[in-house]
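Presented below is the structure to which this report refers.
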Amino acid sequence: MTDESKIAKEKQSHCASGASGDTEASGKLSRREFLTGTAIAAAGLMIVPRHVLGGPGYTPPSDRLNIAGIGVGGMGMHNMRALAGENIVALCDVDWRYTEKSFRGMVDGLGKAQARLDKAQTAKERRELQDEIEQTRLLSSKFNSIKRYTDYRRMLEQQKDIDAVVIATPDHLHAVIASAAMSHGKHVYLQKPLTWSIYEARELSRKAKDNPRLVTQMGNQGHSTDDARLINEYIAAGAIGDVREVHAWTNRPLAYWPQGIPRPQARSRPDDASWNEDAVMDRLANAMVGNYPKPEGLAWDLFLGPGPLIDYHPLYHPFNWRGWVDWGVGAIGDMGAHLIDSPFWSLDLGFPTSVETVSTPFNKESYPMATMTHYDFPARGNRPPVKLTWYDGALLPPGLKALGAGQMSKDGGVLYVGDKGELIHETYGANPRLLPQSLHDSVGTPPQTFARIKTSHEMNWVDACMGKAEASSPFSYAARLTEVMLLGVVSLRAGGRIEYDAANMRITNMPGASTFLRREYREGWAL
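Everything in the sequence shown is counted per this note's numbering, starting at 7 for the first residue and increasing by one.
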């Protein structure tokens, strides 16, 4: 599975969109009715095997999903590659010049992918690289012929053959585009984090519940892996006993995007003798001011979407938007969906009662260089309370190496502390193992109680849209995970420990802090 944050160092997702299918008036079943599952049983349809229609290996058009990509300059391009075998009928992005560059980079990377394949050591690695090469070639063969848009709203109104949309825009656009797509009757695959605000997450979850025929999925791809399910099985089998403490960490944003910096704008110039932090930040802000005209073809107003009006600067686009409060939700929003996911799932954590984020200096506009967030989760039935601590910006849990975890990937990981031992894994739930090694050896492989997904996360969603599978990370689950992640941002912005009443979606101990659970939309934009 490709590490999307590494991809995004070079590539950036931006605003694009999808459209809808009409119901036929002749009394026949339309394709829309078939795909949303409205009367298959009543019609008594006989499904004809695909090999009868077109020979071995042939996939008839009726067995493919008509997909639109929304924001295809970064991770969205890689989602499109994973879905290249489907009917990609439309693409939308606010910056087509950047998207073309991203696409060329993917195609130019075929040689490197082939070189990695030639050196691959395992069958799994060879299979993944072969798939990557074949999918890149397939996407390349059709990319230039796909209908293009800049404004997702126009696409949704005009194009009538779209069944489903993949949304990989900046975080602040997720909710408005996903909501619009669902209103047009589209299945939705939405990149993580699900939304920019907690209120938006609840609204998308509600809308998905109100439209049960629409299949939804959040793009936290590790949730579909075998290793993620193995973690659940270790925990369910009691391999490390009761868990009361969890630590999750990532090296983001370090070396990926800048944070803890001032907005580029003219400030008062400090005298030469002043070099305290404020004076340094003033100098940085002044130094970044310059004549940076908006790139030709960039629809900046559409990029801003529901966020405030901010002048274009290359510091914001591409990809660096993730470190700015206006558009992103920082490292915990980027990687929490891959790291908090497994403990949230395996321990059935629910919502915390209190959250406190501490950080390096925070100027309220650009997220801090490093944060540490403490969550208190209450007992669940016979399971004890859990304290979960999040670390980013290269902060690490104390004593990690002493546990024998020195070989862990530096990118990130999760440590579960149980009363019988520890469990540790890497980002996306990868490579879970018990500590100490003697415990791992004595426990062995736990009973397999979670079904494995044999496809990619994207294709799991496609199969669910076609009625062949259950979505791995539907909005009903993803919205709750996102809410937990974003509570860390809320505590940061509130400036202290928050006590959370999840049932009523409010903060009880800090007057005014509940305003950070929502955002004020710019005029002309609504959920």
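Yeah, the Cβ is synthetic: ideal placement off N, Cα and C, and Gly gets one too.
The beta carbons of Gln265 and Tyr373 sit closer together than 9 Å. In the DSSP assignment, Arg132 falls outside any beta strand (DSSP E) and within the unbroken alpha helix (DSSP H) covering 129–148. Of all alpha-carbon atoms in Ala343, Arg219, Leu116, the one lying nearest the alpha-carbon of Met472 is that of Arg219. Taking the Cα positions, Thr222 is about 6 Å away from Tyr195.
A Cβ-Cβ distance of about 6 Å is found for the pair Ile76 and Ile183, placing them in contact under the 8 Å criterion.
For Asp447, the enclosing alpha helix (DSSP H) covers residues 443–449. For Val496, the enclosing alpha helix (DSSP H) covers residues 481–500.
Exposed is the label assigned to Ala261, since fewer than 16 other Cβ atoms lie within 10 Å of its Cβ. In terms of Cβ geometry, Trp351 and Ala214 do not form a close pair [threshold 9 Å]. Residue state for Ile76 is assigned as strand, using DSSP reduced to three classes. In the structure shown, Asn93 falls within a strand segment according to DSSP collapsed to helix, strand and coil. In the DSSP secondary-structure assignment, Met224 is bridged to Leu196. Taking all protein chains shown into account, Trp255 has 16 or more neighbouring C-beta atoms within 10 Å of its C-beta and is therefore buried. With contacts defined as CB atoms closer than 9 Å, Asn297 and Ala174 fail to qualify as a contacting pair.
When Cβ pairs closer than 8 Å are counted between the two stretches, the region 345–359 is seen not to touch the region 313–329, the count staying below three. Only residues of its own chain outside the window of five on either side were considered, and among them Asn257 have a CB closer than 7 Å to the CB of Lys416, listed in chain order. Fewer than three beta-carbon pairs drawn from the region 231–247 and the region 374–384 are found closer than 8 Å, and the two stretches are therefore not classed as touching. Of the candidates Thr488, Ile168, Phe522, Phe522 places its Cα closest to the Cα of Leu498.
Take Ala121, set aside five residues on each side of it, and no residue of its chain has a beta-carbon closer than 8 Å to its own.
Arg132 places its beta carbon 9 Å or farther from that of Leu144. The beta-bridge partner set that DSSP reports for Asp101 consists of Leu304.
In the structure shown, Met414 adopts coil according to DSSP, grouped into three states.
Using a Cβ distance threshold of 9 Å, His253 and Leu487 do not count as a contacting pair. For Arg122, the enclosing alpha helix (DSSP H) covers residues 116–125. DSSP places Val286 in the helix class (H, G or I) of the three-state scheme. Beta-bridge partners of Val172 (DSSP): Gly75, Tyr195. For His431, the enclosing beta strand (DSSP E) has its first and last residue at 428–432.
Taking the Cα of Gly117 as reference, the smallest distance to any Cα among Leu441, Val95, Leu135, Gly336 is reached at Leu135.
Bounds of the beta strand (DSSP E) holding Glu505 are 504–507.
Relative to the Cα of Arg87, the nearest Cα in the group Ala376, Arg389, His463 belongs to His463.
Taking a C-beta distance under 9 Å as the contact criterion, Lys192 and Asp169 qualify as a contact pair. A residue is called buried once 16 or more other Cβ atoms fall within 10 Å of its Cβ, and Pro259 is buried on that count.
Cα atoms of Gln454 and Ala343: separation of roughly 24 Å, rounded to the nearest angstrom. Between His178 and Gly387, the CB-CB gap reaches or exceeds 9 Å. Per DSSP, the continuous beta strand (DSSP E) segment holding Ser365 begins and ends at 360–365.
In this structure, Ser203 lies near Arg524, with their beta-carbon atoms less than 9 Å apart.
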